[in-house]
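Reading through the structure tokens given below for one structure.
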Amino acid sequence: MPTEIVSDSVSVAHQHEHTDVSQDEAPLGGACLLILIFAVIEALGGVFANSLTLLADAGHMLLDASALGLSWFAVR
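Going by our numbering, the letters in the sequence shown line up with residues 1 to 76, in that order.
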């Protein structure tokens with residue numbers, strides 16, 4: 001359905017298609033879940049191995065998962 005955008009001096013036809021966003025939800029949700037699982041495993045390994053490097057990387061992965069989760073929420 002074309003709509004018309006009118007400004008002070010220019011009139012431009014605007015047209016785009018609305019795609020099915022459910023196609024985008026599954027990969028984002030799956031990637032977020034996968035990264036969360038690996039982050040938890042890595043954090044547990046860091047605690048048991050007393051490794052600050054593993055704990056820091058697990059925290060970084062949690063931030064990555066939160067970014068993917070926010071993207072997933074935005075797509076919905």
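Using N, Cα and C, we set each Cβ at its ideal position, and we do this for glycine too.
Could you give the distance in angstroms between the alpha-carbon of residue 66 and the alpha-carbon of residue 36?
-> Locating residue 66 in the sequence shown gives position 66, counting from the first residue. Locating residue 36 in the sequence shown gives position 36, counting from the first residue. Our two residues, residue 66 and residue 36, have alpha carbons roughly 9 Å apart in a direct line.
Do residue 45 and residue 52 have their CB atoms nearer than 8 Å?
-> One-based indexing of the sequence shown puts residue 45 at position 45. One-based indexing of the sequence shown puts residue 52 at position 52. Using a Cβ distance threshold of 8 Å, residue 45 and residue 52 do not count as a contacting pair.
Out of 50, 56 and 68, state which residue places its alpha-carbon closest to the alpha-carbon of residue 28.
-> Here residue 28 corresponds to residue number 28 of the sequence shown, with the count starting at 1. Per the Cα distances, 68.
Whose C-beta lies closer than 6 Å to the C-beta of residue 64 among residues of the same chain, with five residues either side of it excluded?
-> The sequence position of residue 64 within the sequence shown is 64, counting from 1. Counting only Cβ-Cβ distances below 6 Å, and skipping sequence neighbours, we find 35.
What is the C-beta distance between residue 42 and residue 72, in whole angstroms, given that I count them as a contact (C-beta under 8 Å)?
-> On the sequence shown, residue 42 is found 42 positions in, with the first residue counted as 1. On the sequence shown, residue 72 is found 72 positions in, with the first residue counted as 1. Wrong, their Cβ atoms sit about 21 Å apart, outside the cutoff.
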